[in-house]
Amino acid sequence: MKLSDIDLNLFVVFDAIYTEGNLTRAGEIIGITQPAVSNSLARLRNVFDDPLFVRTAEGMVPTPVAQNIVGPVRQALGLIRSSVQESEVFDPVASDKRFRISMTDLSQSIVLPFLFGRIKREAPSVAIDCYQVRRRDLNIELASGNLDLAVDIPLTPDPQIRQAPLFAHPHVCVIRNNHGTVKNELTTDLYLDLGHIHISSRRGGLGHVDLALGKMGKRRHIALRTQHYLATPELVSRTDLALTVPRIFADFLVAQYPVRYLELPFAVPDLETHLYWHESTDQDQANRWLREIILALPAKLPWK
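Just so you know, we're using the numbering used here here: the sequence shown kicks off at 138 and counts up by one.
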(Lines of atoms letter the chains of each structure in order from A; the text may use other names.)
(Lines give C-alpha, C1' and ligand atoms only; values in the text may rest on other atoms or scores of the structure.)
Protein backbone atom coordinates (compact mmCIF):
# COMPACT_ATOMS: atom_id res chain seq x y z
CA MET A 138 0.00 0.00 0.00
CA LYS A 139 1.31 3.44 -0.99
CA LEU A 140 1.47 6.29 1.54
CA SER A 141 -0.81 8.34 -0.72
CA ASP A 142 -3.51 5.71 -0.18
CA ILE A 143 -3.50 6.23 3.61
CA ASP A 144 -5.44 8.95 5.42
CA LEU A 145 -2.80 10.49 7.71
CA ASN A 146 -5.53 11.58 10.14
CA LEU A 147 -5.74 7.91 11.11
CA PHE A 148 -2.43 8.28 12.91
CA VAL A 149 -3.83 11.13 15.00
CA VAL A 150 -6.55 8.72 16.09
CA PHE A 151 -3.97 6.00 16.73
CA ASP A 152 -1.96 8.32 18.99
CA ALA A 153 -5.08 9.34 20.93
CA ILE A 154 -6.16 5.71 21.49
CA TYR A 155 -2.66 4.75 22.58
CA THR A 156 -2.55 7.66 25.02
CA GLU A 157 -6.04 7.24 26.47
CA GLY A 158 -6.59 3.48 26.26
CA ASN A 159 -10.26 4.26 25.65
CA LEU A 160 -12.11 4.97 22.40
CA THR A 161 -14.58 7.45 23.88
CA ARG A 162 -11.91 9.54 25.59
CA ALA A 163 -9.76 9.42 22.46
CA GLY A 164 -12.67 10.84 20.49
CA GLU A 165 -13.21 13.60 23.02
CA ILE A 166 -9.57 14.66 22.80
CA ILE A 167 -9.50 14.95 19.01
CA GLY A 168 -13.09 16.14 18.64
CA ILE A 169 -14.80 13.22 16.91
CA THR A 170 -17.45 10.73 17.98
CA GLN A 171 -16.76 7.28 19.40
CA PRO A 172 -18.18 5.56 16.27
CA ALA A 173 -15.80 7.64 14.15
CA VAL A 174 -12.90 6.49 16.33
CA SER A 175 -14.01 2.87 15.90
CA ASN A 176 -14.21 3.34 12.15
CA SER A 177 -10.72 4.84 12.04
CA LEU A 178 -9.35 1.98 14.14
CA ALA A 179 -10.91 -0.54 11.75
CA ARG A 180 -9.18 1.18 8.84
CA LEU A 181 -5.86 1.20 10.72
CA ARG A 182 -6.21 -2.51 11.45
CA ASN A 183 -6.66 -3.11 7.73
CA VAL A 184 -3.56 -1.04 6.92
CA PHE A 185 -1.33 -2.90 9.38
CA ASP A 186 -3.11 -6.26 9.21
CA ASP A 187 -3.06 -6.32 13.02
CA PRO A 188 -5.63 -5.65 15.80
CA LEU A 189 -3.33 -2.87 17.17
CA PHE A 190 -5.45 -2.62 20.35
CA VAL A 191 -7.14 -5.37 22.34
CA ARG A 192 -10.11 -4.61 24.58
CA THR A 193 -9.56 -5.67 28.21
CA ALA A 194 -11.01 -4.81 31.62
CA GLU A 195 -8.23 -2.20 31.95
CA GLY A 196 -9.02 -0.59 28.58
CA MET A 197 -7.63 -0.82 25.06
CA VAL A 198 -4.23 -2.47 25.40
CA PRO A 199 -1.74 -2.01 22.51
CA THR A 200 -0.43 -5.06 20.68
CA PRO A 201 3.32 -5.50 20.03
CA VAL A 202 2.85 -4.00 16.57
CA ALA A 203 1.23 -0.88 18.07
CA GLN A 204 4.04 -0.63 20.64
CA ASN A 205 6.63 -0.80 17.86
CA ILE A 206 5.12 1.95 15.73
CA VAL A 207 3.97 4.44 18.39
CA GLY A 208 7.38 6.10 18.68
CA PRO A 209 7.83 6.80 14.95
CA VAL A 210 4.16 7.83 14.63
CA ARG A 211 4.46 10.38 17.43
CA GLN A 212 7.73 11.68 16.05
CA ALA A 213 6.17 12.13 12.61
CA LEU A 214 3.09 13.87 14.02
CA GLY A 215 5.33 16.18 16.04
CA LEU A 216 7.29 17.14 12.92
CA ILE A 217 4.09 17.88 11.02
CA ARG A 218 2.72 20.02 13.87
CA SER A 219 6.01 21.89 14.14
CA SER A 220 6.10 22.55 10.40
CA VAL A 221 2.59 23.99 10.48
CA GLN A 222 3.30 26.08 13.57
CA GLU A 223 6.53 27.53 12.18
CA SER A 224 4.62 28.84 9.18
CA GLU A 225 2.08 30.62 11.38
CA VAL A 226 2.96 34.21 12.30
CA PHE A 227 1.77 35.28 15.74
CA ASP A 228 1.01 38.97 16.19
CA PRO A 229 0.09 39.61 19.86
CA VAL A 230 -1.53 42.97 19.11
CA ALA A 231 -3.88 41.51 16.49
CA SER A 232 -4.43 38.05 18.00
CA ASP A 233 -7.64 36.95 19.72
CA LYS A 234 -6.23 33.57 20.72
CA ARG A 235 -7.49 31.93 23.91
CA PHE A 236 -4.72 30.22 25.89
CA ARG A 237 -5.49 27.36 28.28
CA ILE A 238 -3.21 27.07 31.31
CA SER A 239 -3.28 24.68 34.25
CA MET A 240 -2.16 26.29 37.52
CA THR A 241 -2.37 25.36 41.16
CA ASP A 242 -4.35 27.49 43.58
CA LEU A 243 -1.08 29.03 44.81
CA SER A 244 0.15 29.91 41.32
CA GLN A 245 -3.20 31.41 40.38
CA SER A 246 -3.27 33.66 43.44
CA ILE A 247 0.32 34.86 43.05
CA VAL A 248 1.10 34.78 39.34
CA LEU A 249 -2.18 35.22 37.49
CA PRO A 250 -2.85 38.92 38.27
CA PHE A 251 0.60 39.94 37.01
CA LEU A 252 0.51 37.54 34.06
CA PHE A 253 -2.86 38.80 32.88
CA GLY A 254 -1.80 42.43 33.35
CA ARG A 255 1.27 41.89 31.16
CA ILE A 256 -0.77 40.05 28.53
CA LYS A 257 -3.40 42.75 28.29
CA ARG A 258 -0.73 45.40 27.71
CA GLU A 259 0.87 43.47 24.85
CA ALA A 260 -2.13 41.58 23.47
CA PRO A 261 -5.42 43.30 24.40
CA SER A 262 -7.66 40.73 22.68
CA VAL A 263 -5.91 37.58 23.92
CA ALA A 264 -7.89 35.60 26.53
CA ILE A 265 -6.86 33.13 29.23
CA ASP A 266 -8.66 30.05 30.55
CA CYS A 267 -6.99 29.08 33.83
CA TYR A 268 -7.90 25.98 35.81
CA GLN A 269 -6.19 23.13 37.64
CA VAL A 270 -5.86 19.80 35.87
CA ARG A 271 -5.13 16.67 37.91
CA ARG A 272 -1.41 15.95 37.81
CA ARG A 273 -1.91 12.46 36.45
CA ASP A 274 -3.75 13.98 33.47
CA LEU A 275 -1.37 16.85 32.70
CA ASN A 276 0.79 15.05 30.13
CA ILE A 277 -2.25 13.78 28.26
CA GLU A 278 -3.94 17.19 28.26
CA LEU A 279 -0.77 18.87 26.96
CA ALA A 280 -0.26 16.19 24.31
CA SER A 281 -3.85 16.43 23.10
CA GLY A 282 -3.72 20.21 22.80
CA ASN A 283 -6.43 20.70 25.42
CA LEU A 284 -3.79 22.60 27.42
CA ASP A 285 -1.22 25.02 26.11
CA LEU A 286 0.87 25.27 29.28
CA ALA A 287 0.95 24.04 32.87
CA VAL A 288 2.52 25.51 36.01
CA ASP A 289 3.06 22.91 38.72
CA ILE A 290 5.52 21.15 41.02
CA PRO A 291 8.23 18.87 39.53
CA LEU A 292 6.51 15.95 37.81
CA THR A 293 7.61 12.53 36.59
CA PRO A 294 9.73 13.10 33.45
CA ASP A 295 8.08 12.43 30.09
CA PRO A 296 10.16 12.57 26.87
CA GLN A 297 7.35 14.44 25.10
CA ILE A 298 6.98 17.13 27.76
CA ARG A 299 9.31 20.12 27.92
CA GLN A 300 9.85 22.02 31.17
CA ALA A 301 11.68 24.98 32.64
CA PRO A 302 12.14 25.97 36.31
CA LEU A 303 10.02 28.93 37.39
CA PHE A 304 10.24 29.36 41.19
CA ALA A 305 12.07 27.78 44.11
CA HIS A 306 11.01 29.16 47.48
CA PRO A 307 11.79 28.16 51.08
CA HIS A 308 9.00 27.50 53.55
CA VAL A 309 8.33 29.92 56.40
CA CYS A 310 5.85 30.05 59.28
CA VAL A 311 3.14 32.73 59.09
CA ILE A 312 1.42 33.97 62.27
CA ARG A 313 -0.69 37.01 63.10
CA ASN A 314 1.07 40.17 64.27
CA ASN A 315 -0.28 40.05 67.82
CA HIS A 316 0.14 36.32 68.31
CA GLY A 317 -0.48 35.23 71.89
CA THR A 318 2.48 32.87 72.17
CA VAL A 319 5.11 33.53 69.51
CA LYS A 320 7.24 36.66 69.75
CA ASN A 321 10.33 37.15 67.57
CA GLU A 322 11.90 33.71 67.59
CA LEU A 323 10.56 30.27 66.71
CA THR A 324 12.04 27.11 68.17
CA THR A 325 11.11 23.58 67.18
CA ASP A 326 9.38 22.97 70.52
CA LEU A 327 7.38 26.18 70.19
CA TYR A 328 6.46 25.30 66.60
CA LEU A 329 5.17 21.91 67.74
CA ASP A 330 3.12 23.52 70.52
CA LEU A 331 1.12 25.51 67.97
CA GLY A 332 -2.01 24.49 66.12
CA HIS A 333 -1.42 24.42 62.38
CA ILE A 334 -3.29 25.02 59.12
CA HIS A 335 -2.34 22.53 56.43
CA ILE A 336 -3.06 23.16 52.73
CA SER A 337 -3.40 20.13 50.46
CA SER A 338 -5.54 19.20 47.48
CA ARG A 339 -5.75 15.67 48.90
CA ARG A 340 -8.16 14.50 51.59
CA GLY A 341 -5.36 12.97 53.61
CA GLY A 342 -1.63 12.38 53.63
CA LEU A 343 1.46 14.28 54.71
CA GLY A 344 3.10 17.37 53.26
CA HIS A 345 6.74 18.44 52.96
CA VAL A 346 6.73 19.89 56.47
CA ASP A 347 5.31 16.74 58.06
CA LEU A 348 7.81 14.53 56.22
CA ALA A 349 10.67 16.71 57.44
CA LEU A 350 9.39 16.54 61.01
CA GLY A 351 8.88 12.80 60.70
CA LYS A 352 12.58 12.34 59.93
CA MET A 353 13.23 14.07 63.26
CA GLY A 354 10.77 11.81 65.07
CA LYS A 355 8.44 14.80 65.54
CA ARG A 356 4.82 15.47 64.66
CA ARG A 357 2.82 18.70 64.56
CA HIS A 358 -0.86 19.17 65.40
CA ILE A 359 -2.91 20.02 62.30
CA ALA A 360 -5.97 21.82 63.62
CA LEU A 361 -7.36 22.71 60.19
CA ARG A 362 -6.91 21.18 56.76
CA THR A 363 -8.01 23.01 53.61
CA GLN A 364 -7.58 22.57 49.86
CA HIS A 365 -7.14 26.23 49.01
CA TYR A 366 -4.42 28.77 49.79
CA LEU A 367 -6.87 31.67 49.59
CA ALA A 368 -8.95 30.17 52.40
CA THR A 369 -6.11 30.83 54.86
CA PRO A 370 -5.47 34.61 55.10
CA GLU A 371 -8.45 35.44 57.30
CA LEU A 372 -7.90 32.32 59.38
CA VAL A 373 -4.27 33.02 60.21
CA SER A 374 -4.86 36.75 60.78
CA ARG A 375 -7.75 36.17 63.21
CA THR A 376 -6.50 33.17 65.22
CA ASP A 377 -3.32 31.86 66.84
CA LEU A 378 -3.03 29.10 64.23
CA ALA A 379 0.25 28.89 62.32
CA LEU A 380 0.52 28.54 58.55
CA THR A 381 3.65 27.07 56.96
CA VAL A 382 3.83 28.06 53.30
CA PRO A 383 6.34 29.01 50.59
CA ARG A 384 7.85 32.43 51.23
CA ILE A 385 6.39 33.87 48.02
CA PHE A 386 2.89 33.34 49.43
CA ALA A 387 3.96 34.60 52.87
CA ASP A 388 5.22 37.84 51.28
CA PHE A 389 1.88 38.15 49.49
CA LEU A 390 0.04 37.77 52.83
CA VAL A 391 2.26 40.23 54.71
CA ALA A 392 1.58 42.85 52.05
CA GLN A 393 -2.18 42.59 52.52
CA TYR A 394 -2.97 41.23 56.01
CA PRO A 395 -1.87 41.91 59.62
CA VAL A 396 0.49 38.93 59.69
CA ARG A 397 4.24 38.28 59.81
CA TYR A 398 6.45 35.28 59.23
CA LEU A 399 9.45 33.63 60.86
CA GLU A 400 12.07 31.26 59.52
CA LEU A 401 11.52 27.61 60.34
CA PRO A 402 13.82 26.16 63.00
CA PHE A 403 14.30 22.96 60.96
CA ALA A 404 15.08 22.18 57.33
CA VAL A 405 12.27 21.70 54.78
CA PRO A 406 12.90 21.31 51.01
CA ASP A 407 12.07 24.36 48.91
CA LEU A 408 8.85 24.37 46.94
CA GLU A 409 9.82 24.15 43.26
CA THR A 410 7.48 25.25 40.49
CA HIS A 411 8.06 24.47 36.82
CA LEU A 412 6.50 25.52 33.53
CA TYR A 413 5.44 22.65 31.23
CA TRP A 414 4.54 22.42 27.55
CA HIS A 415 4.36 19.68 24.90
CA GLU A 416 7.26 19.20 22.51
CA SER A 417 4.93 19.71 19.54
CA THR A 418 4.49 23.37 20.59
CA ASP A 419 8.21 24.06 20.99
CA GLN A 420 8.33 26.16 17.83
CA ASP A 421 4.78 27.49 18.01
CA GLN A 422 5.14 31.27 18.03
CA ALA A 423 2.11 31.93 20.20
CA ASN A 424 3.10 29.31 22.78
CA ARG A 425 6.68 30.55 22.81
CA TRP A 426 5.51 34.15 23.31
CA LEU A 427 3.47 33.19 26.38
CA ARG A 428 6.25 30.98 27.76
CA GLU A 429 8.69 33.86 27.61
CA ILE A 430 6.29 36.12 29.49
CA ILE A 431 5.70 33.53 32.24
CA LEU A 432 9.39 32.69 32.63
CA ALA A 433 10.18 36.40 33.06
CA LEU A 434 7.61 36.85 35.83
CA PRO A 435 9.76 35.88 38.87
CA ALA A 436 11.94 38.94 38.34
CA LYS A 437 8.92 41.24 38.03
CA LEU A 438 6.84 40.22 41.04
CA PRO A 439 6.81 42.73 43.94
CA TRP A 440 7.57 39.86 46.34
CA LYS A 441 10.31 37.31 45.69
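Built from N, CA and C at the ideal position, the CB exists for glycine as well. Just so you know, these numbers come straight off a predicted model, no measurement behind them.
_C-alpha gap between glutamine 297 and alanine 305, whole angstroms_ = Locating residue 297 in the sequence shown gives position 160, counting from the first residue. Locating residue 305 in the sequence shown gives position 168, counting from the first residue. Distance from the CA of glutamine 297 to the CA of alanine 305, rounded to the nearest whole angstrom, comes to 24 Å.
_Less than 7 Å between C-beta atoms, sequence neighbours within five positions excluded: which residues of the same chain meet that for aspartate 295?_
Translated into positions along the sequence shown, residue 295 becomes position 158. Same-chain partners within the cutoff: Asn276.
*asked:* Between Arg375, Thr410, Thr363, which has its C-alpha nearest glutamine 245's C-alpha?
replied: The residue given as residue 245 occupies position 108 in the sequence shown. The option with the nearest alpha carbon to glutamine 245 is Thr410.
*Out of Val346, Asn205, Phe389, point me to the one whose CA is closest to tyrosine 366's CA.*
Translated into positions along the sequence shown, residue 366 becomes position 229. Per the Cα distances, Phe389.
_Going by DSSP in three states, isoleucine 290 sits in which element: helix, strand or coil?_
The residue given as residue 290 occupies position 153 in the sequence shown. Isoleucine 290 falls in the coil class under three-state DSSP.
*Can you name, in chain order, every residue of its own chain whose Cβ lies under 6 Å from the Cβ of valine 319, other than the five neighbours on each side?*
Residue numbering aside, residue 319 sits at position 182 when the sequence shown is read from its first letter. Closer than 6 Å at Cβ, skipping near neighbours: Ile312.
*With contact counted as at least three CB pairs below 8 Å, one residue from each stretch, are the segment 192-208 and the segment 399-415 in contact?*
At 8 Å Cβ cutoff, the stretches do not touch.
*asked:* Applying the 10 Å Cβ sphere with the 16-neighbour rule, what's the burial state of histidine 358?
replied: By one-based count along the sequence shown, residue 358 stands at place 221. Sixteen is the threshold: since fewer than 16 other Cβ atoms of the shown chains lie within 10 Å of the Cβ of histidine 358, the residue is exposed.
*For the beta strand (DSSP E) that serine 239 lies in, which residues bound it at each end?*
Translated into the one-based positions of the sequence shown, residue 239 becomes position 102. In the DSSP assignment, serine 239 falls within the unbroken beta strand (DSSP E) covering 235-240.
*Quick one, which of Ala287, Leu292, Thr325, Ile334 has its alpha-carbon nearest leucine 350's?*
By 1-based counting over the sequence shown, the position of residue 350 is 213. The residue with the shortest Cα to Cα distance from leucine 350 is Thr325.
*DSSP state of proline 261, grouped into three classes?*
For the purposes of this step, residue 261 is taken as the residue at position 124 of the sequence shown. Annotated three-state conformation of proline 261 is coil, per DSSP.
*the ligand FMN heavy atoms versus the CB of glutamate 259: any closer than 7 Å?*
What this structure holds is no ligand at all, so the ligand FMN is not there to describe.
*Identify whether arginine 313 lies in helix, strand or coil by the three-state DSSP scheme.*
For this step, residue 313 is matched to residue 176 along the sequence shown. It is a strand residue.
*Is it buried or exposed for threonine 418, if we count other Cβ within 10 angstroms and need 16 for buried?*
On the sequence shown, residue 418 is found 281 positions in, with the first residue counted as 1. With 16 or more other Cβ atoms inside 10 Å of its own Cβ, threonine 418 counts as buried.
*In this structure, does DSSP put phenylalanine 151 in helix, strand or coil?*
By 1-based counting over the sequence shown, the position of residue 151 is 14. Helix.
_Rounded to whole angstroms, what is the Cα-Cα separation between tyrosine 413 and phenylalanine 227?_
For the purposes of this step, residue 413 is taken as residue 276 along the sequence shown, with counting starting at 1. For the purposes of this step, residue 227 is taken as residue 90 along the sequence shown, with counting starting at 1. Roughly 20 Å between the two C-alpha positions.
*Over what stretch of residues does the alpha helix (DSSP H) that includes glycine 164 continue unbroken?*
Numbered from its first residue, the sequence shown carries residue 164 at position 27. 160-167 is the span of the alpha helix (DSSP H), which, as asked, contains glycine 164.
*Buried or exposed: which applies to isoleucine 154, given that a residue is buried once 16 or more other Cβ atoms fall within 10 Å of its Cβ?*
Mapped onto the sequence shown, residue 154 falls at position 17. Buried is the call here.
*Report buried or exposed for glycine 164, applying the criterion of at least 16 other Cβ atoms within 10 angstroms of its Cβ.*
Position 27 of the sequence shown, counted from the start, is the residue given in the question as residue 164. Label assigned to glycine 164: buried.
*Identified DSSP bridge partners for proline 383*: In the sequence shown, counting from the first residue as 1, residue 383 sits at position 246. Partner(s): His308.
*asked:* Distance check for glycine 332 and histidine 316, CA to CA, integer angstroms please.
replied: Taking the first residue of the sequence shown as position 1, residue 316 is located at position 179. Taking the first residue of the sequence shown as position 1, residue 332 is located at position 195. Spanning the two alpha carbons is a distance of roughly 12 Å.
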